[in-house]
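J.: This is the structure I want to talk about, given as structure tokens.
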Amino acid sequence: MKIAIGKMKLIKNIIKKILEFRKYKSLGLSYFEFSELKKKSNKRISILFGKEIKITDSFWYLHSLNELFIDEVYKFNSNSSIPKIIDCGSNIGLSIIFFKRMYPDSEIIAFEPDNDIFNISKYNLNQFGINDVKLFPKAVWINEKPLVFAKTGSLSGHIVQEKSENTIEIQTVRLKDFLCKKIDFLKIDIEGSEYDILKDCGESLKNVDNIFVEYHSFSENPQMIGELLVILKNAGFKVYVKEAWNNMKNPYIEKKGTYFDLQLNIFGYRL
Numbered sequence: 086m087k088i089a090i091g092k093m094k095l096i097k098n099i100i101k102k103i104l105e106f107r108k109y110k111s112l113g114l115s116y117f118e119f120s121e122l123k124k125k126s127n128k129r130i131s132i133l134f135g136k137e138i139k140i141t142d143s144f145w146y147l148h149s150l151n152e153l154f155i156d157e158v159y160k161f162n163s164n165s166s167i168p169k170i171i172d173c174g175s176n177i178g179l180s181i182i183f184f185k186r187m188y189p190d191s192e193i194i195a196f197e198p199d200n201d202i203f204n205i206s207k208y209n210l211n212q213f214g215i216n217d218v219k220l221f222p223k224a225v226w227i228n229e230k231p232l233v234f235a236k237t238g239s240l241s242g243h244i245v246q247e248k249s250e251n252t253i254e255i256q257t258v259r260l261k262d263f264l265c266k267k268i269d270f271l272k273i274d275i276e277g278s279e280y281d282i283l284k285d286c287g288e289s290l291k292n293v294d295n296i297f298v299e300y301h302s303f304s305e306n307p308q309m310i311g312e313l314l315v316i317l318k319n320a321g322f323k324v325y326v327k328e329a330w331n332n333m334k335n336p337y338i339e340k341k342g343t344y345f346d347l348q349l350n351i352f353g354y355r356l
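Using my numbering, read the sequence shown as starting at 86 and increasing by one per residue.
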């Protein structure tokens, strides 16, 4: 009886995995490649749309593929065939690849402060023949003063107050200085500094047609989601909010996430 139950569970898991794989097949992943990524292996090379690219973490790579190319969270309409896009926190370049597949002639300015990930993103963009993006190894901020940046090797690198073993000093740019003219799409996924930067941008946000913000709340800090939404409202945006990650399964019990206690995808658009 136990053997039969074990076989049934195995079969169900295989079927579940095959059904999940179908979503990724259109992206050029083989079933073997998908299976290796699902094992949370230390793979550093993958295949995307027939191109070999470098990755940093198999789990978050699959998560990003699903979010960008399957759910298409950054999909937007533009009256121009050459929309202007600013990508804050471009990581290994997947978001840029998505934008360029949607609008090949788009003008993109992108920022990625982690020097190792920045080099990976340059490699990946080169694999896709994308050579017209202004990609800077800097962080967006409220001024141009150097900051301390904690490297995690994947998606969650962020600005910190004190230096430690895994921190580096990074150069910054003031995002507000890039919003003097019309921007079709502004993406901000910078692991915790969203509120400070949007507050500084203030009136300049009127030049942005569409904005995507992944809001991160560190467990030890006050949540600023209310204030952030007010900034977007005052800039004339309608907003739609979705959970970006399930940080706490039982928030009444846990009360505090292990890292972030809240992650939200905020879509700002104009009617």
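Glycine is no exception: its CB is placed at the ideal position from the N, C-alpha and C atoms. Bear in mind that the values here come from a model prediction, so they are computed numbers and not experimental data.
How do the stretch 134 to 149 and the stretch 176 to 183 stand: do at least 3 beta-carbon pairs fall below 8 Å, yes or no?
T.: Yes, the stretch 134 to 149 touches the stretch 176 to 183.
J.: Measuring CB to CB, does I171 end up less than 7 Å from I268?
T.: Yes.
J.: Starting from K284, trace the alpha helix (DSSP H) in both directions and tell me its first and last residue.
T.: Start and end: E279 to C286.
J.: Using the three-state DSSP reduction, which class does Y188 fall into: helix, strand or coil?
T.: Y188 falls in the coil class under three-state DSSP.
J.: Pull up the distance between the alpha-carbon of K223 and that of I205, whole angstroms please.
T.: Whole-angstrom Cα-Cα distance: 15 Å.
J.: For the stretch 127 to 214, list the alpha helix (DSSP H) runs that are entirely contained and at least 4 residues long, ordered along the chain.
T.: Segments of the alpha helix (DSSP H) lying fully in the stretch 127 to 214: 143 to 150, 179 to 187 and 200 to 212.
J.: Hey, quick one: how far does the alpha helix (DSSP H) through N319 stretch, first residue to last?
T.: Unbroken alpha helix (DSSP H) run through N319: I310 to N319.
J.: Does the beta-carbon of C286 have 16 or more other beta-carbons within 10 angstroms, so that it is buried, or is it exposed?
T.: Answer is buried; the Cβ neighbour count reaches 16.
J.: Tell me the rounded alpha-carbon separation between D201 and P168.
T.: Looking at the two C-alpha atoms, the distance is approximately 29 Å.
J.: Just reading off the beta strand (DSSP E) that S302 is part of, what are its end residues?
T.: Counting along the chain, the beta strand (DSSP E) containing S302 begins and ends at V293 to F303.
J.: Quick check: the Cα distance between G353 and I310, rounded to an integer number of angstroms?
T.: Cα to Cα, the separation comes out at about 14 Å.
J.: Within a Cβ cutoff of 7 Å, which residues of the same chain sit near M333, ignoring the five residues on either side of it in sequence?
T.: So the qualifying residues of the chain are E339, G342 and D346.
J.: Where does D269 fall in DSSP's three states?
T.: D269 falls in the strand class under three-state DSSP.
J.: For F117, count neighbouring C-beta atoms within 10 Å of its own C-beta (all shown protein chains included) and say buried if the count is 16 or more, exposed if not.
T.: The residue in question, F117, is exposed, as its Cβ has fewer than 16 Cβ neighbours within 10 Å.
J.: Label I138 either buried or exposed according to how many other C-beta atoms from any shown protein chain fall within 10 Å of its C-beta, with 16 as the threshold for buried.
T.: Counting Cβ neighbours within 10 Å, I138 comes out buried, since at least 16 surround it.
J.: Taking one C-beta from the stretch 209 to 223 and one from the stretch 182 to 201 each time, how about it: are there three or more such pairs within less than 8 Å?
T.: The answer is yes - the stretch 182 to 201 touches the stretch 209 to 223, with three or more Cβ pairs under 8 Å.
J.: Where do the ends of the beta strand (DSSP E) carrying I255 lie?
T.: Per DSSP, I255 belongs to the beta strand (DSSP E) from T252 to I255.
J.: Enumerate, from N- to C-terminal direction, the unbroken beta strand (DSSP E) stretches of 3 or more residues contained entirely within the stretch 315 to 356.
T.: Within the stretch 315 to 356, the complete beta strand (DSSP E) runs of at least 3 residues are 323 to 328 and 345 to 354.
J.: Using the Cβ count rule (16 or more neighbours within 10 Å means buried), how would you classify I132?
T.: Exposed, since its Cβ has fewer than 16 Cβ neighbours within 10 Å.
J.: If you follow the alpha helix (DSSP H) that L220 is part of, which residue opens it and which one closes it?
T.: No alpha helix (DSSP H) contains L220, which is instead part of the beta strand (DSSP E) from K219 to F221.
J.: Grab me the residues of S278's own chain with a C-beta within less than 6 Å of its C-beta, minus the 5 sequence neighbours each way, in chain order.
T.: So the list reads I244, once near-sequence residues are dropped.
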